[in-house]
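Contents: one structure, followed by commentary.
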Amino acid sequence: MADSRALRRAAAIVGAAETARVDVQPDRSELSLHSEAALAALADAGLTPADVDGLATAGPRPSQIAEYLGIVPRWVDGTSIGGCSFLAHVGHAAAAIASGYASVVLITHGESGRSRVGVERRVPSPATPWGQFEMPYGVFGPPTMFALPVVRHMARFGSTEEQFAAVAVATRRWAQLNPKATMHDPLTVEDVLASRLVAWPLHLLNCCLVTDAGGALVVVAGDRARDFPRPPVWLLGRGEAVAHQNVSQMRDLAVSEAYRVAGEEAFRMAGVGPADIDHAMLYDAFTHTPVYMLEALGFVRSGEGGPFFAEMRTAPGGELPINTNGGGLSYTHTGMYGMFAILESVAQLRGDAGARQVEGVELSLAHGAGGMFAAGATLILTNQG
Amino acid sequence: MAERLAPQLTSARLPPQATPESAEFWAGLRRHELRIQRCRACGRHYFYPRPFCPQCWSTDVEWDTASGRATLESYVVSYRPAPGFEDRVPYVIAVVTLAEGPRMMSNVVGVGLDAATPAERIAELLPADLPLEVLFEGAGTLADGEPLVLPLFRPSSAESSATNGG
Numbered sequence: 001m002a003d004s005r006a007l008r009r010a011a012a013i014v015g016a017a018e019t020a021r022v023d024v025q026p027d028r029s030e031l032s033l034h035s036e037a038a039l040a041a042l043a044d045a046g047l048t049p050a051d052v053d054g055l056a057t058a059g060p061r062p063s064q065i066a067e068y069l070g071i072v073p074r075w076v077d078g079t080s081i082g083g084c085s086f087l088a089h090v091g092h093a094a095a096a097i098a099s100g101y102a103s104v105v106l107i108t109h110g111e112s113g114r115s116r117v118g119v120e121r122r123v124p125s126p127a128t129p130w131g132q133f134e135m136p137y138g139v140f141g142p143p144t145m146f147a148l149p150v151v152r153h154m155a156r157f158g159s160t161e162e163q164f165a166a167v168a169v170a171t172r173r174w175a176q177l178n179p180k181a182t183m184h185d186p187l188t189v190e191d192v193l194a195s196r197l198v199a200w201p202l203h204l205l206n207c208c209l210v211t212d213a214g215g216a217l218v219v220v221a222g223d224r225a226r227d228f229p230r231p232p233v234w235l236l237g238r239g240e241a242v243a244h245q246n247v248s249q250m251r252d253l254a255v256s257e258a259y260r261v262a263g264e265e266a267f268r269m270a271g272v273g274p275a276d277i278d279h280a281m282l283y284d285a286f287t288h289t290p291v292y293m294l295e296a297l298g299f300v301r302s303g304e305g306g307p308f309f310a311e312m313r314t315a316p317g318g319e320l321p322i323n324t325n326g327g328g329l330s331y332t333h334t335g336m337y338g339m340f341a342i343l344e345s346v347a348q349l350r351g352d353a354g355a356r357q358v359e360g361v362e363l364s365l366a367h368g369a370g371g372m373f374a375a376g377a378t379l380i381l382t383n384q385g
Numbered sequence: 386m387a388e389r390l391a392p393q394l395t396s397a398r399l400p401p402q403a404t405p406e407s408a409e410f411w412a413g414l415r416r417h418e419l420r421i422q423r424c425r426a427c428g429r430h431y432f433y434p435r436p437f438c439p440q441c442w443s444t445d446v447e448w449d450t451a452s453g454r455a456t457l458e459s460y461v462v463s464y465r466p467a468p469g470f471e472d473r474v475p476y477v478i479a480v481v482t483l484a485e486g487p488r489m490m491s492n493v494v495g496v497g498l499d500a501a502t503p504a505e506r507i508a509e510l511l512p513a514d515l516p517l518e519v520l521f522e523g524a525g526t527l528a529d530g531e532p533l534v535l536p537l538f539r540p541s542s543a544e545s546s547a548t549n550g551g
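So the protein sequences, as listed, match chains A and B.
When you line the first sequence up against the working numbering, it's residues 1 to 385, in that order.
When you line the second sequence up against the working numbering, it's residues 386 to 551, in that order.
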């Protein structure tokens, strides 16, 4: 039986780019955010769309992106499991490349999450489990659903509103080192708790931004990685999981099973453990999501995530730099933020991160969330060939 | 940036639409019965309705009427109303654990929470594991035109008595 460990370094990211702006762009359609990032990522790799024979995307259908770019890829992946889809795509691309299904895989993201320009409207059906068993109770967007488990985390582990607020504070400190970040103003725990209530225990500043931006990656075989102009970033481990669709069906509201399963597989494949990781991107849709991830991925024990952030151990100067671009909370969050988590891991591993560069990063972990604790996907990346 | 959360652009709230598998759940609510399913093979209850047990995958399943007793598993207090909920802000969206075991989403009502309640008081009014009991509230019509009744929850009478007695 095949073992995923045979795919360590089988694939590498040789092109990576995002749109020039990542804040609010009402003058741009969603598809043009995809194409700007895609063309820039290909240029970063010294390639053009003519070189692409594999395509993965989420949001718009892959056929829509192929049409827009004018390409006919022979391998396609439209896995759409929410914001972590692009992390899953990288893992799938590695398998596709190793099996010969594709040689140059382009992964694109673009989302007019804030301005909603050129966005396909999707109306949820009232006959789905969600339409029948959640919608009637007044759920309204991610704050009401993604935050539903938090009270159980607080009850089980004693985590506090102040600890969750500290996640936003630590992340803002990174954003202040990133000129491209949307938010730069100083932020305190008191500011977060004084911001208006959205869905208690969430205040406004516990919630991510909503922006318009795109990003893209080019993935090729690991043994070709040095043939491209930029410093290569190899895929060492990947994992993914889906646990439920509707948050009311989450089996243990204090622990994310999807994040745990994805992380365990990524570490097993990579042959490393949490203590080996130099830098991490933990998808911060809300201040509680990195806390659940830190625990589910085994960086700390369950219940220790809140104090870890509150002690500023993830902030600039801390022992485990997390969300160094400023995160979904302060950098950008289009809706499916996972692409930007990968891009920051790549930037750190390439030494491209400017004032926020973490010294000596050799292993970076990116973990994405999909839906309302529904899905998770993990990548462990390295610049060591 | 003044406003950080984008407006939701989905259409106005649609009434739920029963499927053949869930019709008995919705019909039961009209009789003020909370109907859930039980697996004859493993003996466990489950929710939401489906034609097999999601825990042991047996298809030997039956309908049962839940006691209506539950505990508060987790919740948010929503200050941004969904369409149709404008006059109810703030309202409690909860996951409750039924006495029989399954979890379901609902609203918890009758806890003395209003727009003037300071955030610091919320956890006192709604402690985790609070005992609850079901109440049945008419909420318009289902997509097929039948009356829509929803199972909501309030602090259980025993709990209220204990509080009043204290």
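Each residue gets a CB set at the ideal place from its N, CA and C atoms; glycine is no exception.
Quick caveat, the model's predicted, so the values are computed rather than measured.
Measuring CB atoms only, is the segment 452-459 of chain B touching the segment 426-442 of chain B, in the sense that at least three cross pairs come out at less than 8 Å? Pairwise C-beta distances place the segment 452-459 of chain B out of contact with the segment 426-442 of chain B, as fewer than three of them are shorter than 8 Å.
Kindly confirm or deny that the segment 278-295 of chain A and the segment 404-417 of chain B touch, where touching means at least three C-beta pairs closer than 8 Å. Pairwise C-beta distances place the segment 278-295 of chain A out of contact with the segment 404-417 of chain B, as fewer than three of them are shorter than 8 Å.
For a contact defined as C-beta to C-beta under 9 Å, what are the partners of tyrosine 431/B on chain A? If you number the second sequence from 1, residue 431/B lands on position 46. Residues of chain A with a Cβ closer than 9 Å to the Cβ of tyrosine 431/B do not exist; the shortest Cβ-Cβ separation is about 10 Å.
Ignoring anything shorter than 3 residues or poking outside the segment 437-502 of chain B, list the beta strand (DSSP E) runs there in chain order. For the segment 437-502 of chain B, whole beta strand (DSSP E) runs of length 3 or above, ordered along the chain, are 446-450, 454-463, 476-483, 488-493.
Would you list the one or two residues that DSSP bridges to threonine 378/A? As a first step, residue 378/A is located in the first sequence; it is residue number 378 there, counting from the start. In DSSP, threonine 378/A forms a bridge with Gly239/A, His367/A.
Can you tell me whether threonine 404/B is helix, strand or coil according to DSSP? In the second sequence, the residue the question calls residue 404/B occupies position 19. Reduced to three states, the DSSP call for threonine 404/B is coil.
Compare the C-beta of glycine 550/B with all C-beta atoms of chain A and state if any pair is closer than 7 Å. Within the second sequence, residue 550/B is the residue found at index 165, counting from 1. Annotation note: pLDDT 36 at glycine 550/B (below 50); position unreliable, coordinate value reported separately. Closer than 7 Å: no.
DSSP puts histidine 109/A in a beta bridge; with which residues? Here the question's residue 109/A lines up with position 109 in the first sequence. Answer is Gly215/A, bridged to histidine 109/A.
Using the DSSP secondary-structure output, state which residues sit across from glutamine 422/B in a beta bridge. Along the second sequence, one-based indexing puts residue 422/B at 37. DSSP, once it has assigned bridges, lists Tyr431/B, Trp448/B as partnering glutamine 422/B.
Would serine 112/A and aspartate 212/A qualify as a contact pair, given that the criterion is a beta-carbon distance under 7 Å? Counting from 1 along the first sequence, the entry for residue 112/A is found at position 112. Counting from 1 along the first sequence, the entry for residue 212/A is found at position 212. Taking 7 Å as the cut-off, the Cβ atoms of serine 112/A and aspartate 212/A count as close.
When you compare the CB of glutamate 134/A with every CB in chain B, is at least one pair closer than 7 Å? By one-based count along the first sequence, residue 134/A stands at place 134. Taking Cβ atoms only, chain B reaches closer than 7 Å to glutamate 134/A, which makes this a yes.
Would the C-beta of glycine 215/A count as close to the ligand ATP, meaning under 6 Å from any of its heavy atoms? With respect to the ligand ATP, the structure offers nothing, as it holds no ligand at all.
Do the CB positions of glutamate 509/B and valine 481/B come within less than 7 Å of each other? What you label residue 509/B is simply residue 124 of the second sequence in a count that begins at 1. What you label residue 481/B is simply residue 96 of the second sequence in a count that begins at 1. Contact flag unset, no.
Verify the CB distance criterion: does leucine 535/B have a CB-CB separation below 7 Å to chain A? As a working note, residue 535/B is residue 150 in the second sequence. Yes, leucine 535/B counts as interfacial toward chain A.
Entirely enclosed alpha helix (DSSP H) segments - the segment 149-204 of chain A, minimum 4 residues: Along the segment 149-204 of chain A, the alpha helix (DSSP H) occurs as fully enclosed runs of 4 or more residues at 150-157, 161-175, 189-194, listed in sequence order.
Beta-bridge partners of phenylalanine 538/B, as assigned by DSSP: Position 153 of the second sequence, counting from 1, holds the residue named residue 538/B. The partner list for phenylalanine 538/B (beta bridge, DSSP) reads Val493/B, Val519/B.
Take every Cβ of the segment 12-28 of chain A, pair it with every Cβ of the segment 224-241 of chain A, and state whether three or more of those distances are shorter than 8 Å. In short, these stretches touch, since the Cβ pair count reaches three.
Scan the segment 457-472 of chain B for residues whose Cβ lies nearer than 9 Å to a Cβ of chain A and list them as they occur along the chain. Residues of the segment 457-472 of chain B with a C-beta less than 9 Å from any C-beta of chain A: Leu457, Glu458, Ser459, Tyr460, Val461, Val462, Ser463, Tyr464, Arg465, Pro466, Ala467, Pro468, Gly469, Phe470, listed in chain order.
Comparing alpha-carbon positions, which option in Ala6/A, Ala262/A, Val247/A lies nearest tryptophan 130/A? As a first step, residue 130/A is located in the first sequence; it is residue number 130 there, counting from the start. Comparing Cα-Cα distances from tryptophan 130/A to each of Ala6/A, Ala262/A, Val247/A, the minimum goes to Val247/A.
Minimum Cβ-Cβ distance from serine 541/B to chain A less than 7 Å: Residue 541/B sits at position 156 when you count from the first residue of the second sequence. Cβ-Cβ to chain A under 7 Å: no for serine 541/B.
When we look at the beta-carbon of glutamate 388/B and count the other beta-carbons within 10 Å, is it buried (16 or more) or exposed? Here residue 388/B is taken as the residue at index 3 of the second sequence, counted from 1. Residue placement at glutamate 388/B cannot be trusted, given a pLDDT of 37 that sits under 50; what the coordinates show is reported in the next sentence. Glutamate 388/B is exposed by the Cβ-count criterion.
Going by beta-carbon coordinates alone, are glycine 396/A and glycine 326/A separated by less than 7 Å? Any property of residue 396/A remains undetermined from this structure, which presents chain A solely from 1 to 385.
Less than 7 Å between the C-beta atoms of glycine 335/A and alanine 258/A, yes or no? Locating residue 335/A in the first sequence gives position 335, counting from the first residue. Locating residue 258/A in the first sequence gives position 258, counting from the first residue. In this structure, alanine 258/A does not lie closer than 7 Å to glycine 335/A by Cβ.
How is the beta strand (DSSP E) around isoleucine 13/A delimited, first residue to last? Position 13 of the first sequence, counting from 1, holds the residue named residue 13/A. Segment 11-18, the beta strand (DSSP E) holding isoleucine 13/A.
Using a Cβ cut-off of 7 Å (strictly closer), state whether alanine 528/B contacts chain A. As a working mapping, residue 528/B is identified with position 143 in the second sequence. For alanine 528/B, a Cβ of chain A is located within less than 7 Å of the residue's own Cβ.
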